[in-house]
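The sequence shown maps to residues 157 to 629 in this note's numbering.
Ideal Cβ positions, reconstructed from N, Cα and C, are used throughout, including at glycine.
Since the model is a prediction, treat every value here as computed from it, not as a measurement.
Reading through the structure tokens given below for one structure.
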Amino acid sequence: MSASAESSVSSSGNAPLQAQLSIDFVVVGGGIAGLACALALRRVGHNVQVLERASYDGARGSGGVRVPPNLSKIFFHWGLRDALLRTAIVTTKLDFGRYESGENLGQHAWDEQLLKESRGSYLILSHADLYDVLFDAAVARGARVRHGCAVAGISAEGGAVTLAGGEVLRADVVVGADGEHGLARKEEYLFTAFGSGHAIIAYPMTGKIAIQVYAPDDGRAGHFGDEPCVDLSGIADGIGEIFKPAIACARKAIGPIPIKDHTDLEDWVSEDGALVLIGEAAHPFPPSTIQGTAMAVEDGAVLAKLFSHLSCPRQIRSFLHAFQELRQARVRAVRAGELQATFFMTADGPDALIRDAAMRAKAAAGRNVLDADAAKHGAEEEAVRGAAEAAAAAAAKWEEYRIVFGYDCEDEADDWWVQWGLLGERAREGTSEASDSEEGAGSGSGARRAPAPRIDFASAMTSVQVVEHSSSS
Ligand SMILES: Cc1cc2nc3c(=O)[nH]c(=O)nc-3n(C[C@H](O)[C@H](O)[C@H](O)COP(=O)(O)OP(=O)(O)OC[C@H]3O[C@@H](n4cnc5c(N)ncnc54)[C@H](O)[C@@H]3O)c2cc1C
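Written out as structure tokens, the structure is:
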């Protein structure tokens, strides 16, 4: 346990409903998703063992993580506010600039009302600090976390995992949280090209600055956890003079990590309901997007909320299918939005002119640059004509943020229970056909949800470079 263990769990959060039937979970992968899921399941009274192949230090990243309000609200609810705020920085605004020239295109202050409605904050912190908080809280809650424990095989049926040393562990449910390249996710991805633009994102972490550079695909394929080995100056070609001093003193970069267009896995739950995938194993996100980590943690939160209602073994499959249904719709919609944001950021040529003109015009008017309506002054005539279109798109994106940030995944899980789970239970109690309603409880609720939007990759893009710059190095 790290030094902050005691204090990180000083406030235990809202007292959660305890499952009447406590079952055994084995979580394969002790990354952010695995730890968050373990903590959430312990909070509702299940037994959890987490198997992580890396050492404690090896599982912690040195880069930055953005924690949007839909994620921080879960952490706050779990009583982790104080522990997070010890190292996290609370953001109040976004600044935008041109990659090549460094020109300031204006800023967008977070809408206070939006944050209030979302019941969260927009935090930034290092992956390592977030890892410590979740690990300490999970262990303090009674989760068993084994580092240096590689899983060699997962049986999709029957709830068994085989460790590298040959030991076989059994559980009622195996949770595959072993990431994009893990055993649990058996799928090939497609590489996709996203235009030719660059972009840079920078934000402070305690005592350091995280820099992420987006650049055209150069065919290399790095992973999180790799040793930093790439010179940032070699990636950030064409970058403006203003950024060069920071680039020059940045330490070596991790990556380049490609952005991939993954085939969606149809099933996150095995036939017999003994294996469920969460986090990157279920739905890889482009690296370093705002919502990748958030979706991984939401998965664990929803799983635990559903399993807090467990009172008999036959419910396990129904809850896992409900989990899949709730999460697939949410994750697909959010991921499509994240990819569109990457297009927006890295847009080149005429699209970039339009985007920048719209921002300049708003900044000149003293407004938030992602505000809804187009301003009529500022840049070249052609660009200004396009600004209305760009501003409308930006405004739509902002509205999307409102929805994404406002979403409360635990409430959604509770809603499922009230609308479908309980209904199934009552039908089961009341009629002989009730066994069908248990099966249908997950799929029945699907009728109320619109199909998730899919992104069109036809014109698409490239690669992302994830790097870190330490101001002290
Ligand atoms: C070392 C590391 C550093 C990272 N740093 C950053 C960062 O700085 N910024 C950022 O935005 N995102 C970072 N990420 C990615 C980020 O954690 C994920 O995008 C997101 O949080 C979802 O995580 P996940 O837990 O689903 O998957 P992952 O983070 O990929 O975690 C999966 C875990 O499963 C373990 N695992 C894989 N196979 C096995 C096996 N066979 N047996 C046992 N364990 C196994 C891996 O070691 C890993 O710890 C990092 C990931 C890792 C693994």
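Pick helix, strand or coil for residue i, following the three-state DSSP scheme.
i    : result
Q176 : coil
H233 : helix
I357 : strand
K364 : strand
G332 : strand
F380 : coil
Y370 : strand
A327 : coil
M157 : Because the pLDDT at M157 is just 36, under 50, the model does not fix this residue reliably, and the value given afterwards should be weighed accordingly. If DSSP states are grouped into helix, strand and coil, M157 belongs with coil.
V490 : helix
V295 : helix
N260 : strand
F181 : strand
H418 : strand
D238 : helix
V525 : coil
L227 : helix
L286 : helix
L482 : helix
S474 : helix
T243 : coil
L495 : helix
Return the first residue and the last residue of the alpha helix (DSSP H) that residue i is part of.
i    : result
K461 : G448 to F463
R516 : G505 to A520
P401 : K400 to C405
L195 : I188 to R199
A437 : G435 to A438
G580 : L578 to G586
V569 : Here residue 569 turns out to be Ala, not Val, going by the sequence shown. A569 -> alpha helix (DSSP H) spans C565 to W572.
G217 : Here G217 belongs to no alpha helix (DSSP H), and DSSP marks it neither H nor E.
State the beta-bridge partners of residue i as determined by DSSP.
i    : result
R300 : Q205
T318 : G309 and V324
A409 : V386
A265 : K249
L431 : V330
V425 : V432
With respect to the beta strand (DSSP E) encompassing residue i, which residues constitute its N-terminal and C-terminal limits?
i    : result
S274 : Here S274 belongs to no beta strand (DSSP E); instead the alpha helix (DSSP H) covers E268 to S274.
S282 : L279 to S282
G220 : G220 to V223
L250 : K249 to G253
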